[in-house]
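Colleague: Right, I'll just put the structure down here and ask away after.
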Amino acid sequence: MDQRTGSTFEELVAEGAAVPTEGWDFSWFEGRATEARPSWGYARSAGGRLARADAALDIQTGGGEVLDMSLRTAATARPGLLAATEGWPPNVAKATALLRPHGVVVVAAADDGPLPFADEAFDLVLSRHPVQPHWAEVARVLRPGGTYFAQHVGPGSVFELVEYFLGPLPQEARTARHPDRERADAEAAGLEIAGLRAERLRMEFHDIAAVVHFLRKVIWLVPGFTVEEYEPQLRALHKRMETEGPFVAHSTRHLLDARKPHG
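Counting from 1, position 93 in the sequence shown corresponds to residue 80 in the numbering used here; the numbering is continuous, with no gaps.
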């Protein structure tokens, strides 16, 4: 039993397994897990970009929560054309409901497919934590002089937790998503990097319910994760957290400011 909550392992696991995973609202984790935030304040910074844009696209918007926050910081100044894409049907419905009052058109589009928009349709493209940036498509839909402004997940993010369940991963997995590699890929697609910042941030998981929900929500960390398959590891981790305190991991993030040159 977790002495802090009075809940048993079974009760905590059941709770983490029952929480809906739609969208990118992480408020359920309050009091159960923490993650330091990047110093640049992505939503606020994106709001400043939106206030100056004419036509903007948010790629892989999730449930629309981050774009909603950014638009609220932009106040009344916002683009005349606003669109967003999302590939998971439950998130498409959630984002549509949340973003419709802002005048955002949410389009269902596969994360790994072409963007369903004309060439040079937008002067601003945003994305927070895309599964995989498609640089050629970003460059195609940007107008000359337009900007791709995004926060990406960096290399080896939360690998302390990932490797607890999967064991040691090869070096190639640790260097995937490296900002230097993404800089090269963006430049190969014809974009110019105006800014690139990276940070490593502390995370703490305070109970096993938070671990279960996190791995269900961020599905690419431990592919195919289920409570049943990983019950022995979960039980051992629960006992470790009871005696040693929070499980500590580190996320990595980088902020990209890329521009499509004129002519």
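C-beta atoms are modelled at their ideal positions from N, C-alpha and C, and glycine is treated no differently.
This one's a predicted model, so the numbers in the text were calculated from it and none came from an experiment.
Tell me which residue opens and which closes the alpha helix (DSSP H) that residue 180 is part of.
Modeller: Note, residue 180: premise wrong, no alpha helix (DSSP H); beta strand (DSSP E) at 179 to 192.
Colleague: Might you give, ordered along the chain, the residues of its own chain that have their beta carbon closer than 6 Å to the beta carbon of residue 111, omitting 5 neighbours on each side?
Modeller: 36, 40, 43, 134
Colleague: Do you know whose CA, among 194, 137, 154, lies nearest residue 169's CA?
Modeller: Comparing Cα positions, the closest option is 137.
Colleague: In whole angstroms, what is the alpha-carbon distance linking residue 177 and residue 185?
Modeller: 22 Å
Colleague: Nearest-angstrom Cα distance between residue 164 and residue 0?
Modeller: 31 Å
Colleague: What's the C-alpha gap between residue 131 and residue 245?
Modeller: Going by C-alpha positions, residue 131 is about 12 Å away from residue 245.
Colleague: Any chance you could list the beta strand (DSSP E) runs of at least 3 consecutive residues sitting entirely within the region 96 to 173, in chain order?
Modeller: 109 to 115, 129 to 140
Colleague: Could you tell me the alpha carbon to alpha carbon distance between residue 62 and residue -5, rounded to whole angstroms?
Modeller: So the alpha carbons of these two residues sit roughly 46 Å apart.
Colleague: Restricting to Cα atoms, I'd like to know which of 203, 214, -3, 78 is closest to residue 47.
Modeller: 78
Colleague: When the Cα of residue 18 is compared with those of 205, 190, 210, 214, which residue comes out closest?
Modeller: 190
Colleague: Got a sec, what are the start and stop residues for the beta strand (DSSP E) residue 70 sits in?
Modeller: 68 to 73
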